[in-house]
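J.:
In full-length UniProt numbering, the protein residues as written are 1 to 467.
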């Protein structure tokens, strides 16, 4: 008799329980040999063999295998990664995703808390976003950021109302309340809804025109106008028609210093944390110590009024009614030398702006000119305005200009194309600023207009007008 048919006959005579026992014994005898052969094959051969096995199984067997494979395919990669790598992955997330990841498991929560990923998230935002920077300054959050862990913990404990005695508990934490990392984690995570509430309120204020108006009376017998200003949270620096620069305490709105030296109206200025640079109708540029108000340098080059100036990263660019642009190298406040004079405009150069790539100038001759910032080589002219250009700002690829033709134009600096023409002002557009969401323009019609836009510039800009 055939051995296989004999075995089949024997199995047929057995009960179900006895049959399963025999099959299991046969399986155990042959399993190790099959696995040894299987492991000797290549991965491709193993996969092909499994495919043939699966094709010969019934549906309920497929279901059992699927239940077995599921947990094997769902691996917690964050918990399996080295701690540093896991933190690097999770710190790429936005705030909503970070919130969600905390709820996945205790291990994920631990990675986020111990890595202080909420604090790192805020520090990235404060570095890159001007709105967040402003809120950090206003709310005093900088005391909790960009400092050591110990400093942050002490500040957080104080802000949370704990006593000095509680600091000792941090050395030997008894419960989670005084675990330094968990304490910091809860504090930074709790900051996010506060910040978002502030941001929503600010956006609503922009949309609906909510504001608080405060006035500073700069008038005197000799002072009949303010031509330029710059401000921060602590001070306002203004250039006046009476030849002076006045520095005002911003919270108190009180004049704290008056800088004298110009013999003509102060038409333009800019300051940083070290110096103030000012240009005047006396054709000079003067450099002042921003802290003491002492005059440090006088630059004499232009033969008519200096109408605008900009400086950054050791470079100063000035423009004048004499139709020229001067590029200066600033080794120090007292060592400033002219590098190059740019000529090409056919009327007064009213405004300049620049970065590491380009210098942009605008003139009463109705044109905007673009120059290479490194070589000072002329690159292109942007034509479109029907009358002289009074103001301009340049950032990234975008130039926004305002003109005495009452219009605002948006330009792509790389190709020189005019992207948009904004109309709505009824007189000369005198000043303009923009960020990633809005353009703010002021004109001689006495109106400030806020234009809401999105990049790319494919939709109509919607002006919100404040008088």
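Glycine included, every Cβ here is placed at the ideal spot set by N, Cα and C.
Keep in mind the model is a prediction, meaning the values are calculated, not measured.
(1) How many angstroms separate the CA atom of residue 229 from the CA atom of residue 425?
(2) Of all the beta strand (DSSP E) runs that stay within the bounds of the region 343-395, which reach a length of 3 or more residues?
(3) Name the two residues that bound the continuous alpha helix (DSSP H) containing residue 123.
(4) Within 10 angstroms of its Cβ, does residue 294 collect 16 or more other Cβ (buried), or is it exposed?
(5) Tell me whether the region 373-382 and the region 354-364 touch, counting them as touching only if at least three CB pairs, one residue from each stretch, are closer than 8 Å.
(6) Kindly indicate the opening and closing residues of the beta strand (DSSP E) around residue 309.
(7) So what does residue 254 bridge to, in DSSP terms?
(8) Could you give the uninterrupted runs of the beta strand (DSSP E) lying entirely in the region 283-337, keeping only those of 3 residues or more?
(9) Output the distance between the C-alpha atoms of residue 164 and residue 154, rounded to the nearest integer angstrom.
(10) Near residue 225, which residues of its chain fall below 6 Å by C-beta distance, leaving aside the five closest residues on each side in sequence?
(11) Less than 6 Å between C-beta atoms, sequence neighbours within five positions excluded: which residues of the same chain meet that for residue 386?
(12) When the distance is taken between beta carbons, is residue 290 closer than 8 Å to residue 271?
(13) What's the gap between the Cα of residue 324 and the Cα of residue 349?
(14) Does the region 386-401 come close enough to the region 324-343 that 3 or more CB-CB pairs lie under 8 Å?
(15) On the CB-based measure, 16 or more other CB atoms within 10 Å of its CB, does residue 142 come out buried or exposed?
(16) If you measure between the beta carbons of residue 320 and residue 302, is that distance less than 8 Å?
(17) CA-CA distance, residue 274 and residue 237?
(18) Using beta-carbon positions only, say whether residue 95 and residue 77 come within less than 8 Å of one another.
(19) Measure the alpha-carbon distance for residue 49 versus residue 31 and round it to whole angstroms.
(20) Would residue 181 and residue 113 qualify as a contact pair, given that the criterion is a beta-carbon distance under 8 Å?
(21) Looking only at its chain, what residues have a beta carbon closer than 7 Å to the beta carbon of residue 126, apart from the 5 residues adjacent to it on each side?
(22) Buried or exposed, going by whether 16 or more other CB atoms sit within 10 Å of the CB of residue 59?
(23) If we ignore side chains and look at the alpha-carbon of each, how far apart do residue 417 and residue 217 end up?
(24) What separation, rounded to the nearest whole angstrom, lies between the Cα atoms of residue 245 and residue 432?
(25) Just to confirm before moving on: does the CB-CB distance between residue 441 and residue 402 stay below 8 Å?
(26) Using 8 Å for Cβ pairs, my map puts residue 311 next to residue 277. What's the rounded Cβ distance?
(27) Alpha carbon to alpha carbon, how far is residue 381 from residue 309?
T.: Taking the definition as stated:
(1) Between the C-alpha atoms of residue 229 and residue 425 there is a straight-line separation of about 22 Å.
(2) Counting only runs of 3 or more, we get 349-354, 358-363, 368-372, 378-382 and 389-395.
(3) Note, residue 123: alpha helix (DSSP H), 117-128.
(4) Classification for residue 294: exposed.
(5) Output reads yes: the region 354-364 touches the region 373-382.
(6) From DSSP, the beta strand (DSSP E) with residue 309 extends over 306-312.
(7) Answer is 249.
(8) Whole beta strand (DSSP E) segments, 3+ residues: 284-289, 295-300, 306-312, 315-320 and 324-332.
(9) With a pLDDT of 48 at residue 164, under the threshold of 50, the modelled position of that residue is not reliable, and no figure is offered here.
(10) Once the five neighbours on either side are set aside, the close Cβ partners of residue 225 are 241.
(11) Within the same chain, residue 386 has close Cβ partners 405.
(12) Yes, Cβ-Cβ distance for residue 271 and residue 290 is below 8 Å.
(13) The alpha-carbon separation between residue 324 and residue 349 amounts to approximately 7 Å.
(14) Judged by Cβ distances under 8 Å, the region 324-343 makes no contact with the region 386-401, as fewer than three pairs qualify.
(15) Residue 142 should be labelled exposed.
(16) The Cβ-Cβ distance between residue 320 and residue 302 falls below 8 Å.
(17) Roughly 13 Å separates the two Cα atoms.
(18) No, these two residues do not count as a Cβ contact at 8 Å.
(19) Rounded to whole angstroms, residue 49 to residue 31 spans 15 Å at the Cα level.
(20) Contact: yes.
(21) Once the five neighbours on either side are set aside, the close Cβ partners of residue 126 are 132, 133, 136 and 145.
(22) Burial call: exposed.
(23) Each residue's alpha carbon lies about 43 Å from the other.
(24) Answer to the nearest angstrom: the Cα atoms are 22 Å apart.
(25) For the pair residue 441 and residue 402, the CB atoms are nearer than the 8 Å cut-off.
(26) Contact annotation, residue 311 with residue 277: C-beta distance approximately 6 Å; criterion of less than 8 Å satisfied.
(27) Between the alpha carbons of residue 381 and residue 309 lies a distance of about 20 Å.
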